[in-house]
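The block underneath contains the structure these notes are about, expressed in structure tokens.
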């Protein structure tokens, strides 16, 4: 849309500079509260009882307050800080302040509920709650980028029938005597209706808030950055990746669920506000300019992760994240580039893992051979690819929907077959549900990955070794993805994804290229599977299911690709990291995790089908109908391929 | 081979079950070209709806009275779920790229499973479903469980009713018109939104009948029952020619027979003695799907596999 429908006005009109003053005070109070005790007892995890020494959640509040403060000063044009907000958009301040409220109020509420009452809060906690709220209120008085009119959306009126129905069912439930067998069912139903009603009202409230706030994007071109010597620019990239490594390490190393939740809230708000302020787009422009340096810095940052760890506790987590992310990236070739929905992708990981396990020299394997590492990798990748071709060849000639269901079936059949090859219901190959245990550690060029090694005086444990090996595999997959994606083949895939009929009319052999994508995806998953088999010592059929509470499984892999953004490299990596860490860190979710996951998929498809880190072309495709994609949505100044969108 | 009649009867009954579920896939696909992955879960919630009705009745009610009530409850729950899913999950995505509704369907399928798993009391394990008591009927050398009588009566009745509805009623003919060409149907004054809802609702009602039949047969319902049943039913729909309602039933019966025969006889083939029995029946069903897609992708009664896009 054009700029005529946007304006820059405050939501709450405050005289003069009061708004900025209030925001600044609030942000400073939020940051300052980190130096005060939040609670009197060390029973709350992280021990938040000291003056002047922040711990756990307090670090997060400190960061949130400081980010808000810096962005505020930058948008006000304070010399020396203006680099932080090249676009001078006060919306960035609002987003940061919202993050401060989220972190602050989450901490306070969590302390109060964990310890049982507001009485357990020390002054710091009150300062935090009041300060962050003050910052948010103040930032609503700043000149914000808004749309001139947002009509109030009312949900389907039939949904509001829930409001009278829910209490009726509730009372009806209490009328049924408790010893009746149906009573617990009714209780659950009444609870469910109550939750649904709450959800409907909440969404409606959100719509109301949206039409009140009317936040939007004013087209603010990113001013040209000051010319810097190239070594400074390179140094900036390195610093950025160092900060990134620190942030991710912090996330992986969080020791309790509360801290991780706070971390997620903070990270989301900081990324959103820095994106809006123009700092991240500017950084992105730099990374585009120095692509080699960026790639190098990214891998250097990833490779230095094990050196930041003192024990193997979190490197094992990181290794598994890397396996998950690599497989997700492989799936992204199939789903994101070629547009083929593969619902049994984890089976190809399984094929690779089982192949590697069978030739690993494990005493439980009926084939008594021990292939060297390269041999095992080759076996896993090739066997996986053969399965990909066998499954793909008959189905890829047909419409895409058939592939989805055939791969779903294949995933299930793979598991059942591995269970059956146990000697009683079938030939004895895989030991059925016991799997193939005691897979020996890899030995590459005389380096036994199972034994701790010392590099530069750092002792690296078993998982650190595998982490580094897996990073190599990831690098291979990233390389394949980038090179193939930008080649003639990759463009043909995208063409097929967009419109197969038109692509074939242009002379593309649709079937052959789809088969290639499918087989390549299978091959890369098999490759990752060979390493996975050695990392986890044992392969069992239950590691490779369609949907399970813990990744990797086919549903989570697909979700990682979709959540992260189809067709990009960083998308699935970010999506996989999030999807691995969330179930791992938030154990209290256990029973509801998959439920939340299913609902999240539905909501995501409604709200943001292009994912967190969207591919530009993909984003335009999904939003063809609504005209108001800001041309600067992700901020880079590259001209759009679809003009006028 | 002396138990061949028994195996055929088993296959026929199992196939009728698949066919009932397959109708739901085929009707929705015929009209909106969407594989409703969540259809297996629609079956499952129907089963739990029927179970709830059974639990609500006073203990000792005869099954002859309970069964119709359970059926009604199951149909109610299934239909409501399917219609709500159509309205709030699929309809907003009708013009989106085709990956979006497919992914929504997967999300829906997981969410429905987990809703039952997390909130239905004691649903973490399978819950007992009533069976029709009494000895099996013996007809010659074939024994038929009493619980299967329900399916033997219900499946043909449902098919007759559906056939009558689609060919003889105004709504049914509107449905045919919509599936042939939605845009022209709209121009002719057909409310296609209503037709789509109707297709979902009919599929869900059949799913609930299938769920009750499944519960009676196996004596239990559990939150995972929709997954494999849905997969098999989809196979049946493809086998019969997706989009064709009679094809769905024919495909179901073919698949049921193939499964029964594979379970019973495949181990007698030379070199296959280890691949028979119940453990491998799902694998053979899947192999059949692949073979059909390879040899006759349009299915037994299907005419074309046109890509309308």
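Residue numbers (the working numbering), protein chains in the order written: chain A, 1 to 645; chain B, 646 to 954.
Note that CB positions come from ideal geometry on N, CA and C, so glycine has one too.
Bridge-paired residues (DSSP) for residue 443 of chain A:
Indexing the first chain from 1 puts residue 443 of chain A at position 443. According to DSSP, residue 443 of chain A bridges with A/448.
Is residue 152 of chain A buried or exposed, if buried means 16 or more other CB atoms sit within 10 Å of its CB?
Here residue 152 of chain A refers to the residue found at position 152 when the first chain is read from its first residue. It is exposed - the Cβ of residue 152 of chain A has fewer than 16 other Cβ atoms within 10 Å.
Label residue 889 of chain B either buried or exposed according to how many other C-beta atoms from any shown protein chain fall within 10 Å of its C-beta, with 16 as the threshold for buried.
For the purposes of this step, residue 889 of chain B is taken as the residue at position 244 of the second chain. So residue 889 of chain B ends up on the buried side.
In chain order, what residues of the same chain have a beta carbon less than 6 Å from the beta carbon of residue 572 of chain A, not counting five sequence neighbours either side?
Here residue 572 of chain A refers to the residue found at position 572 of the first chain. So the qualifying residues of the chain are 328, 329, 332, 560, 561, 564.
Using a C-beta cutoff of 9 Å, does residue 410 of chain A count as contacting chain B?
Reading the first chain from its first residue, position 410 is the one you call residue 410 of chain A. So, interface residue.
Thinking residue 410 of chain A and residue 344 of chain A are a contact (beta carbons under 8 Å), I'd like their distance in whole angstroms, please.
The residue labelled residue 410 of chain A in the question sits at position 410 within the first chain. The residue labelled residue 344 of chain A in the question sits at position 344 within the first chain. Confirmed, Cβ separation roughly 4 Å.
9 Å Cβ cutoff, residue 605 of chain A in contact with chain B
Taking the first residue of the first chain as 1, we reach residue 605 of chain A at position 605. It does; some Cβ of chain B falls within 9 Å.
Between residue 580 of chain A and residue 48 of chain A, what straight-line distance do the alpha-carbon atoms span, to the nearest angstrom?
Locating residue 580 of chain A in the first chain gives position 580, counting from the first residue. Locating residue 48 of chain A in the first chain gives position 48, counting from the first residue. About 28 Å.
Along the segment 730-741 of chain B, what residues have a CB closer than 8 Å to any CB found in chain A?
732, 733, 734, 737, 738, 740, 741
Could you tell me the distance, in whole angstroms, from the CA atom of residue 100 of chain A to the CA atom of residue 268 of chain A?
By one-based count along the first chain, residue 100 of chain A stands at place 100. By one-based count along the first chain, residue 268 of chain A stands at place 268. Their backbone Cα atoms lie some 11 Å apart in a straight line.
What residue does the beta strand (DSSP E) around residue 710 of chain B start on, and which one ends it?
By one-based count along the second chain, residue 710 of chain B stands at place 65. Unbroken run through residue 710 of chain B is the alpha helix (DSSP H), 708-730; no beta strand (DSSP E).
DSSP puts residue 772 of chain B in a beta bridge; with which residues?
By one-based count along the second chain, residue 772 of chain B stands at place 127. For residue 772 of chain B, which the question treats as bridged, DSSP gives the partners B/866.
What residue range does the alpha helix (DSSP H) around residue 367 of chain A cover?
Here residue 367 of chain A is taken as the residue at index 367 of the first chain, counted from 1. Per DSSP, residue 367 of chain A belongs to no alpha helix (DSSP H) and is neither H nor E.
How about residue 420 of chain A: is its C-beta nearer than 9 Å to some C-beta of chain B?
Sequence index remark: in the first chain, residue 420 of chain A carries index 420 (1-based). Chain B contact via Cβ: present.
Which of helix, strand or coil does DSSP assign to residue 106 of chain A?
In the first chain, counting from the first residue as 1, residue 106 of chain A sits at position 106. If DSSP states are grouped into helix, strand and coil, residue 106 of chain A belongs with the helices.
Is residue 402 of chain A close to chain B? Criterion is C-beta to C-beta, closer than 9 Å.
Counting from 1 along the first chain, the entry for residue 402 of chain A is found at position 402. Judged by the 9 Å Cβ criterion, residue 402 of chain A is in contact with chain B.
Neighbourhood of residue 463 of chain A by C-beta, 7 Å cutoff - its chain only, sequence neighbours within 5 removed:
Numbered from its first residue, the first chain carries residue 463 of chain A at position 463. Around residue 463 of chain A: 312, 315, 316, 319.
Under 9 Å, Cβ to Cβ, is there at least one residue of chain A near residue 883 of chain B?
Here residue 883 of chain B refers to the residue found at position 238 when the second chain is read from its first residue. With 9 Å as the cut-off, residue 883 of chain B counts as an interface residue toward chain A.
My assumption, with CB atoms under 8 Å, is that residue 338 of chain A sits in contact with residue 493 of chain A. Please give the rounded CB distance.
Numbered from its first residue, the first chain carries residue 338 of chain A at position 338. Numbered from its first residue, the first chain carries residue 493 of chain A at position 493. Sure, about 4 Å apart at Cβ, within 8 Å.
Would residue 592 of chain A pass as an interface residue toward chain B - the criterion being a Cβ-Cβ separation below 9 Å?
By 1-based counting over the first chain, the position of residue 592 of chain A is 592. Residue contact with chain B for residue 592 of chain A: present (Cβ-Cβ distance below 9 Å to some residue of chain B).
Quick one: Cα of residue 496 of chain A to Cα of residue 52 of chain A, how far?
Residue 496 of chain A sits at position 496 when you count from the first residue of the first chain. Residue 52 of chain A sits at position 52 when you count from the first residue of the first chain. Roughly 60 Å between the two C-alpha positions.
Run of the beta strand (DSSP E) containing residue 293 of chain A, from where it starts to where it stops:
One-based indexing of the first chain puts residue 293 of chain A at position 293. It is not in any beta strand (DSSP E) - residue 293 of chain A instead sits in the alpha helix (DSSP H) that spans 291-303.
Between the C-alpha atoms of residue 160 of chain A and residue 193 of chain A, what's the straight-line distance to the nearest angstrom?
Translated into positions along the first chain, residue 160 of chain A becomes position 160. Translated into positions along the first chain, residue 193 of chain A becomes position 193. In a straight line, the C-alpha of residue 160 of chain A is about 12 Å away from that of residue 193 of chain A.
Local conformation of residue 762 of chain B per DSSP, three classes:
The residue given as residue 762 of chain B occupies position 117 in the second chain. The answer is helix: DSSP assigns residue 762 of chain B an H, G or I state.
Residue burial classification, residue 390 of chain A (beta-carbon count within 10 angstroms, cutoff 16)
As a working note, residue 390 of chain A is residue 390 in the first chain. Burial call: exposed.
What is the DSSP secondary structure of residue 145 of chain A, reduced to helix, strand or coil?
Indexing the first chain from 1 puts residue 145 of chain A at position 145. DSSP, reduced to helix, strand and coil, places residue 145 of chain A within a strand of the structure shown.
Is there a Cβ of chain A sitting closer than 9 Å to that of residue 824 of chain B, yes or no?
On the second chain, residue 824 of chain B is found 179 positions in, with the first residue counted as 1. Not an interface residue.
Cβ-based contacts, 7 Å cut-off: residues of the segment 681-701 of chain B near chain A
Correct list: 697, 700, 701.
Cutoff 9 Å: residue 862 of chain B Cβ touching any chain A Cβ
Reading the second chain from its first residue, position 217 is the one you call residue 862 of chain B. For residue 862 of chain B, not one C-beta of chain A is nearer than 9 Å to its own C-beta.
Taking the Cβ atom as the reference point for each residue, do residue 887 of chain B and residue 674 of chain B lie within a distance shorter than 9 Å?
As a working mapping, residue 887 of chain B is identified with position 242 in the second chain. As a working mapping, residue 674 of chain B is identified with position 29 in the second chain. Contact flag set, yes.
Hey, does residue 927 of chain B have any beta-carbon neighbour from chain A nearer than 9 Å?
On the second chain, position 282 is the one that residue 927 of chain B refers to. Yes - at least one Cβ of chain A is within 9 Å of the one on residue 927 of chain B.
Stretch-stretch touch, CB-based, cutoff 8 Å, three pairs: the segment 799-806 of chain B with the segment 850-859 of chain B
yes
Report all residues from its chain with a CB closer than 6 Å to the CB of residue 537 of chain A; omit the five preceding and five following residues, and keep chain order.
The count along the first chain starts at 1 and reaches residue 537 of chain A at position 537. Same-chain partners within the cutoff: 439.
Examine chain A for any beta-carbon lying closer than 9 Å to the beta-carbon of residue 767 of chain B, and answer yes or no.
The residue given as residue 767 of chain B occupies position 122 in the second chain. Chain A contact via Cβ: present.
Whose C-alpha, out of A/204, A/406, A/417, A/82, is nearest the C-alpha of residue 351 of chain A?
As a first step, residue 351 of chain A is located in the first chain; it is residue number 351 there, counting from the start. Selected option, being the one with the closest Cα: A/417.
List, from N- to C-terminal side, the alpha helix (DSSP H) runs of 4 residues or more that fit wholly inside the segment 186-235 of chain A.
none
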